[in-house]
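Below is one structure, written out as structure tokens; comments come after it.
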Amino acid sequence: MLRFFLKLRGSQIYSYSAVFSLGVFIFATVNLIVIMPVVFRRFRSPGMNQTWMFLDDIASGGQFFSVITFPLILIFSILLIISNIELLRHERPRVQNALGLILGFLMIGGDLFFIRGGLMLLMPHKFVHIAMVLDNIVGTAFAYVECILLSSVICGLRAAKHVPEYDRDYILILGCGFRKDGTLPPLLKGRVDKAIEFWHSQLEKTGKQATLIPSGGQGRSEPMAEAEAMYRYIISTGFPENCVIREDQSANTFQNMTFSKKIIDEQTGDSDKAKVAFATTNYHVFRSGIWSNLAGLRAEGIGSRTKWWFWPNAFIRECIALLKNRLVPELLFLMGLAVVAGLFTWLSFL
Numbered sequence: 012m013l014r015f016f017l018k019l020r021g022s023q024i025y026s027y028s029a030v031f032s033l034g035v036f037i038f039a040t041v042n043l044i045v046i047m048p049v050v051f052r053r054f055r056s057p058g059m060n061q062t063w064m065f066l067d068d069i070a071s072g073g074q075f076f077s078v079i080t081f082p083l084i085l086i087f088s089i090l091l092i093i094s095n096i097e098l099l100r101h102e103r104p105r106v107q108n109a110l111g112l113i114l115g116f117l118m119i120g121g122d123l124f125f126i127r128g129g130l131m132l133l134m135p136h137k138f139v140h141i142a143m144v145l146d147n148i149v150g151t152a153f154a155y156v157e158c159i160l161l162s163s164v165i166c167g168l169r170a171a172k173h174v175p176e177y178d179r180d181y182i183l184i185l186g187c188g189f190r191k192d193g194t195l196p197p198l199l200k201g202r203v204d205k206a207i208e209f210w211h212s213q214l215e216k217t218g219k220q221a222t223l224i225p226s227g228g229q230g231r232s233e234p235m236a237e238a239e240a241m242y243r244y245i246i247s248t249g250f251p252e253n254c255v256i257r258e259d260q261s262a263n264t265f266q267n268m269t270f271s272k273k274i275i276d277e278q279t280g281d282s283d284k285a286k287v288a289f290a291t292t293n294y295h296v297f298r299s300g301i302w303s304n305l306a307g308l309r310a311e312g313i314g315s316r317t318k319w320w321f322w323p324n325a326f327i328r329e330c331i332a333l334l335k336n337r338l339v340p341e342l343l344f345l346m347g348l349a350v351v352a353g354l355f356t357w358l359s360f361l
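All residue numbers for the sequence shown refer to the working numbering, where the first residue is 12 and numbers rise by one.
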């Protein structure tokens with residue numbers, strides 16, 4: 012799994028496989044660390060360490076995971092909660108703007124629940140076996156979800172920090188809302204400025220001129236297409252007009268990629284031969300890369316910065332949207348882990 016993850020290059024880093032492979036690697040590694048002392052005790056003193064104890068320790072790996080990783084989860088959750096409180100100070104209160112707060116408290120509460128004994132403390136003694144089975148099932152599921160979340164964060168940071176090689180033929184700029192007077196708000200301006208900055212850096216380093224493609228259609232309440240608003244700003248900076256092509260029909264990220272691919276196909280005859288980058292906000296790079304791959308456009312992302320208090324919660328939304336598209340296979344894999352944990356715990360009673 013780790014070797015597969017490290018081998019991903021270019022547009023390959025934007026994939027569900029990257030999140031899954033790294034998440035499983037983290038989960039398996041921590042559980043291996045937990046299990047190794049049990050294995051050594053079993054081989055050194057098999058008479059004192061019966062098979063049922065061995066199975067129970069393996070099944071309890073998820074709960075041990077919560078204990079081992081609690082300091083890291085605590086720090087991560089506190090930082091997430093602080094950033095979310097700052098976000099709520101600047102933005103109007105709504106569920107979407109409180110996801111980091113909710114997730115932070117859930118992770119802290121979940122880890123403390125298993126550290127303190129979980130369901131064993133809540134159920135009567137005569138149901139202790141059932142409580143142990145349920146504890147290990149829920150503990151395994153909770154640990155796996157934490158690993159996938161951590162993997163999503165790592166993949167997102169990797170994508171946001173990635174800088175493509177300075178050999179691009181086209182640079183797409185993914186649009187978003189702008190002001191009624193046609194000027195760009197900080198979020199959209201940051202994307203355009205990042206694309207222009209990359210264009211100038213490439214020209215300086217290699218002498219190669221790329222073509223900018225501001226991409227975005229006109230919303231119901233917008234006076235013009237997002238592409239047009241971006242185009243006007245780009246030209247106002249003194250940027251050469253002949254290096255800009257507008258894509259003004261798209262309504263979402265997938266269409267940004269699909270319609271821009273058509274433009275590149277018309278220009279080059281085959282977009283697979285073109286070297287493409289796309290500029291968007293840092294938290295949006297990873298999922299945009301996935302949409303790019305789904306549209307059949309091989310492209311690498313450039314991430315513009317946003318406010319420190321805005322980034323974490325926005326990225327959590329991106330993670331939820333990302334995993335929502337993989338809900339069925341993730342649930343099936345999670346159910347498989349839960350069944351193994353429950354079965355091992357039950358066998359330890361026999």
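Cβ coordinates follow ideal geometry from the N, Cα and C atoms, glycine included.
Extent of the continuous beta strand (DSSP E) to which Tyr4 belongs
No information on residue 4 is available, as it lies outside the stretch 12 to 361 that the chain covers here.
Would you report the Cα separation of Met235 and Ser162, rounded to the nearest angstrom?
39 Å
Whole angstroms are fine: how far does the CA of Glu329 sit from the CA of Val287?
23 Å
What number of angstroms, rounded off, separates the C-alpha of Leu305 from the C-alpha of Gly21?
15 Å
Pick out whichever of Leu17, Ser271 and Lys284 has its Cα sitting closest to the Cα of Ala290.
Ser271
Check whether the region 307 to 318 and the region 237 to 255 are in contact - that is, three or more C-beta pairs closer than 8 Å.
no
Local Cβ density within 10 Å of Lys205, reported as buried at 16 or more and exposed below that
buried
Mind checking who Glu311 pairs with in its DSSP beta bridge?
Ala288
Applying the criterion that 16 or more other CB atoms from any shown protein chain within 10 Å of the CB defines a buried residue, is Ser212 buried or exposed?
exposed
Which one of Phe81, Gly111, Val78 and Pro48 has the shortest CA to CA distance from Trp320?
Gly111
DSSP three-state call for Glu157: helix, strand or coil?
helix
Rounded distance between the beta-carbons of Trp210 and Ile182, thought under 8 Å
6 Å
Distance check for Asp146 and Leu354, CA to CA, integer angstroms please.
12 Å
Okay, do the region 151 to 171 and the region 25 to 34 touch, 3+ Cβ pairs below 8 Å being the bar?
yes
Among Leu66, Pro196, Ser232 and Gly186, which has the Cα closest to the Cα of Leu223?
Gly186
DSSP on Ile327, reduced to helix/strand/coil?
helix
Excluding the 5 residues flanking Gly115 on each side, which residues of the same chain have their C-beta closer than 6 Å to its C-beta?
Ser88, Leu91 and Ile92
Comparing alpha-carbon positions, which option in Ala325, Val144, Phe344 and Ser359 lies nearest Glu97?
Ala325
Kindly indicate which residue of Ala262, Leu214, Pro251 and Val339 has the alpha-carbon position closest to the one of Glu237.
Ala262
Beta-carbon proximity list for Tyr177, same chain, < 6 Å, skipping 5 on both sides:
Gln213, Lys216 and Thr217
Helix, strand or coil for Ile245, going by three-state DSSP, please let me know.
helix
Could you check which residue in Met118, His173, Ala29 and Ile301 has the C-alpha nearest to that of Ala154?
Met118
How far does the alpha helix (DSSP H) with Pro48 in it reach, from first residue to last?
Tyr27 to Arg55
Name the DSSP bridge partner or partners of Ser212?
Answer is none; Ser212 lacks a bridge partner.
Ala240 to Phe189 span [Cα, whole Å]:
8 Å
Cut-off 8 Å between Cβ atoms - residues of its own chain near Val203, not counting five sequence neighbours on either side
Ile184, Leu195, Pro225, Met241, Tyr244, Ile245 and Ala290
Helix, strand or coil, according to DSSP, for Leu19 in the structure here?
coil
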